[in-house]
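Chains as they are written, first to last, in our numbering: chain A, 5 to 339; chain B, -19 to 272. For reference, the structure is listed below as structure tokens.
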Amino acid sequence: MTRGNPFPPRSLRPIHRAPKWGDRIFFGLTLLGALGLASVIIAMVVSLVHGALPAFYQINFDSFLFGHIWNPDGCLPPPIGFGPCSYGALPFIVGTLVTSAIALLIAIPLALGAAIFLTQHAPLWMREPVAQIIQLLAAVPSVVYGFWALIVLVPIMATDVNPVLAQNLGWTGLFGGPHNTGLDVLTASLVLSIMTIPTITAISRDAMEAVPRSQKEAAISLGATPWEVTRRAVVPYSRSGIIAGIVLGLGRALGETMAVTMTIGNRDAIPTSLFSQGQTIASLFANEFTEAISPLEIPALIEMALLLLGICLAINIGARLVLARLQLGGRTTTE
Amino acid sequence: MTARSGRALRRKIFSHSMTVLSGAAVVVVMIPLFWIIYECVLLGGSHLTLNYFTQGTPTACSTISCNAGGGLGLIQGSAVVVGLATLYAVPVGIAAAVFAVEYGGERGLARALSMSADVLSGVPSIVVGVFVYVLVLYFDRSLVFSVFSGSLALGAIMLPIVMRTTEEALRTVPHSVREAALALGMARWKISLRIVFISALPGVLTGVLLSIARAVGEAAPLLILDNTNLHFISLNYPSESMSLSIYLWALTPYKNWTNLAWETALVLLIFVLVLSLASRLVLSRLSRKWKA
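This is the structure in structure tokens:
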């Protein structure tokens, strides 16, 4: 990024000449592009609010947000309808939060470890290439992740990993219930963690690289070991950048659709253990959006999309503001 | 004395083991990438022949002497939906980037624009799909499930990528070059187009290719808007596509479709990885070009 231009172009503009038509037209055209970009975001918020209005009016907000049962088909007349009429979004909200949280728990140590190694310990020649390879993880299409997870990872989880976890950690209560399918919250979280690692690694690496040499040298001169330099000088200095990276990783995990849909088992209930099937907001869209038949189902789904959009906007704006203040994140933004 | 050196030794050992652990983290992080590439090559590469690019989607079949078919129909569907999205996203994205760099100044407006692009790229693709659903439903109910609305969603996903990579490429051109041209009396729009834009063109083009790669792999919005197994008919109807076919055929009992899904995954993966590597090379070369 170029910064601190000592001669801003404005001051160089010839003062005595009226602006030319070519300049005006060019300015107008590029302005249109800028407005187009802004209008996409505005149109997105407006459309989703508009689409969710019927749900706002006709579904009690508390029973929507905290309802345990999602059964829109029950709202149809008896021959089709079955069971209670209920639009409870809680299972999907919980599913989304739980999978993202576990994904972060797995991803953070690995991503930070990788960032620390790449900025503090690795030989200089391998830093950039390895960082680029890790970035390639962000380029893999999520449907390919899902396909790989479904065919390769799920059977391994079902036959090798889950029984071991159930046997050794079953007492925690986290690993209860049947675990023979491999399609569960744990597998989905694992795939999500792989997908968030490149984001967290890239941004914390940027933040750690921005730590001034003097900070590290001061710690070294006091006799700190390499780990103590990292722990006492590098991490505290780059903390806000690291947190911004983690938050952006969370943003990616919350809205991930294809890979989660293919691995989470798609059951509309609150997961009771890491081995239970679940559903996230995103995977619910994938499963039900085109098959919705009861009249309020689409508005209710749009209301959930609005919820997800709100969370993701807040997360991204917050993290980007932090990164902009730190003057970081220039090269890690496109993916 | 011994207690002190014992403590120093412990600190040293702890430090070394943390170094080893962080090195191990790098290895663990890279495993999934190579694992995915390995599986795609193993399961897709064994069937992938030139037929993939010349033959259409086969009819479902699970006997041994099945017609293997190819991915031509899928490539066609993806090309139409992504091509259309490129038509919307590239002009708007490039114009927004030029505006941010040439008229946005150092902070303020320029930063607000690139930040809104970043925020837009942080919106989950499925939410973009829902947005386009509502938007198209409002204007024309019959177009909701079509290639057209799929392309709108992909366009909104490509837009921030085009904008940000173009902006970065334009910013590699130093101010001194613009100032030199201004001193020679060149009009500003000519400077922006003929000097800045042309010098940054490799970066802009790879940004466009990168966004195309991202859009080709994107399946979530198509799942809502453009979801079918059928060939491309017209923009008013849905059509099959590469990314979505992987999802639809992931668990199909038909052997030839599963093989085709793996072949598609391999082709997609190669496409995406090569493009994103190339774009990084071009961008880093561009920023080095002016430093010499």
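Note that the Cβ used here is the ideal one computed from N, Cα and C, for glycine as well. Bear in mind the structure is a predicted one, so any value in this text is a computation, not a measurement.
Beta-bridge partners of residue i, as assigned by DSSP
i: W270 (chain B); result: None; W270 (chain B) has no bridge partner.
i: S90 (chain A); result: A:N75
Three-way DSSP call (helix, strand, coil) for residue i in this model
i: N172 (chain A); result: helix
i: N320 (chain A); result: helix
i: N184 (chain A); result: coil
i: N166 (chain A); result: helix
i: R271 (chain A); result: coil
i: K170 (chain B); result: helix
i: L178 (chain A); result: coil
i: K(-8) (chain B); result: helix
i: V144 (chain A); result: coil
i: F212 (chain B); result: coil
i: H27 (chain B); result: coil
i: P38 (chain B); result: coil
i: M(-19) (chain B); result: The predicted model places M(-19) (chain B) with a pLDDT of 49, which falls under 50 and marks its position as unreliable; any figure quoted below should be read in that light. Coil at M(-19) (chain B), not helix or strand.
i: Y234 (chain B); result: coil
i: N47 (chain B); result: coil
i: N239 (chain B); result: helix
i: P182 (chain B); result: helix
i: P201 (chain B); result: helix
i: T6 (chain A); result: Note that T6 (chain A) has pLDDT 48, beneath the 50 cutoff, so the model's placement of it is unreliable and no number is given.
i: Y68 (chain B); result: helix
i: A296 (chain A); result: coil
i: S280 (chain A); result: coil
i: I315 (chain A); result: helix
i: L330 (chain A); result: helix
i: V349 (chain B); result: In the structure as shown, chain B begins at -19 and stops at 272. Residue 349 (chain B) is therefore absent and cannot be evaluated.
i: R335 (chain A); result: Reliability of the predicted coordinates at R335 (chain A) is poor, the pLDDT of 44 falling under 50, and no value is obtained from them.
Where residue i meets chain A, residues with beta-carbon distance less than 8 Å
i: V6 (chain B); result: G117, A118, F121, L122, A126, V134 and I138
i: M138 (chain B); result: Here the premise fails: no neighbours, minimum Cβ distance about 11 Å.
i: R260 (chain B); result: Q136 and Q139
i: R(-10) (chain B); result: Correct list: empty, because the minimum Cβ distance to chain A is about 10 Å.
i: S(-15) (chain B); result: None at all; the shortest Cβ gap to chain A is about 13 Å.
i: A241 (chain B); result: F151
Partners in chain B for residue i, counting only beta-carbon separations shorter than 8 Å
i: S51 (chain A); result: F111, V114, L115 and Y118
i: T200 (chain A); result: Correct list: empty, because the minimum Cβ distance to chain B is about 11 Å.
i: C316 (chain A); result: G102, V103, P104 and V107
i: V44 (chain A); result: L100, A136 and L139
i: A328 (chain A); result: R91 and M95
i: I268 (chain A); result: Ordered by position in chain B, no residue passes the 8 Å Cβ test against I268 (chain A), which lies about 14 Å from the chain.
9 Å Cβ cut-off: residues of chain A touching residue i
i: M166 (chain B); result: Those do not exist, as M166 (chain B) stays about 11 Å from chain A at its closest Cβ, beyond 9 Å.
i: G197 (chain B); result: A143, V144, P145, S146, V147 and V148
7 Å Cβ cut-off: residues of chain B touching residue i
i: L178 (chain A); result: The premise fails here: L178 (chain A) is roughly 22 Å from chain B at the closest Cβ pair, so nothing lies under 7 Å.
i: N320 (chain A); result: D98, V99 and G102
N- and C-terminal bounds of the alpha helix (DSSP H) containing residue i
i: N291 (chain A); result: I285 to E292
i: T200 (chain A); result: V189 to E213
i: G37 (chain A); result: W25 to Q62
i: F79 (chain B); result: That residue, F79 (chain B), is in no alpha helix (DSSP H); it is neither H nor E in DSSP.
i: T139 (chain B); result: In the sequence as displayed, the identity of residue 139 (chain B) is Leu instead of Thr. That run of the alpha helix (DSSP H) goes V127 to R151.
i: S94 (chain B); result: L89 to S101
i: I247 (chain A); result: R243 to G259
i: F119 (chain B); result: S105 to F119
i: V233 (chain A); result: P230 to V233
i: A163 (chain B); result: H155 to A163
i: Y217 (chain B); result: Note, Y217 (chain B): premise wrong, no alpha helix (DSSP H); not H, not E.
i: Y273 (chain B); result: Nothing can be reported for residue 273 (chain B): it is not among the residues displayed for chain B, which extend from -19 to 272.
i: L69 (chain A); result: F65 to F70
i: Q124 (chain A); result: Here Q124 (chain A) belongs to no alpha helix (DSSP H), and DSSP marks it neither H nor E.
Contact set between residue i and chain A, taken where Cβ atoms lie within less than 7 Å
i: L203 (chain B); result: A290
i: L248 (chain B); result: P145 and V148
i: V157 (chain B); result: Within chain A, no residue comes near V157 (chain B); the closest Cβ sits about 11 Å away, beyond 7 Å.
Interface flag, residue i vs chain D, CB-CB below 9 Å
i: G73 (chain B); result: Structure shown: chain D not included; protein chains present are A and B.
Tell me which residues of the segment 210 to 239 of chain B have at least one Cβ-Cβ distance to chain A shorter than 8 Å, keeping chain order. S223, L224, I226, Y227, A230 and L231
Using a Cβ-Cβ cut-off of less than 8 Å, give me the residues of the segment 271 to 289 of chain A that come near chain B, in sequence order. A286 and F289
What are the residues of the segment 71 to 85 of chain B that lie near chain A, defined by any Cβ-Cβ distance shorter than 9 Å? P71, V72, G73, I74, A75, A76, A77, V78, F79, A80, E82, Y83, G84 and G85
Which residues, in order along the segment -8 to 4 of chain B, keep a beta-carbon less than 7 Å from a beta-carbon of chain A? K(-8), F(-6), S(-5), M(-2), T(-1), L1, S2 and G3
Can you pull out the residues from the segment 21 to 37 of chain A whose beta carbon lies closer than 7 Å to at least one beta carbon of chain B? K24, G26, D27, F30, F31, L33, T34, L35, L36 and G37
Any residues in the segment 230 to 261 of chain A with a beta carbon nearer than 8 Å to a beta carbon of chain B? Which ones, in chain order? P230, W231, E232, T234, L252, G255, R256, L258, G259, E260 and T261
Residues in the segment 6 to 36 of chain B with C-beta within 8 Å of chain A's C-beta atoms, listed in sequence order? V6, V8, V9, M10, P12, L13, W15, I16, E19, C20 and L23
Of all the residues that make up the segment 52 to 69 of chain B, which are near chain A by a beta-carbon distance shorter than 8 Å? none
Given a limit of 9 Å on CB to CB distance, which residues of the segment 170 to 193 of chain B reach chain A? K170, S172, L173, G187, L190, S191 and A193
Chain-ordered residues of the segment 75 to 96 of chain A with a beta carbon less than 7 Å from chain B: none
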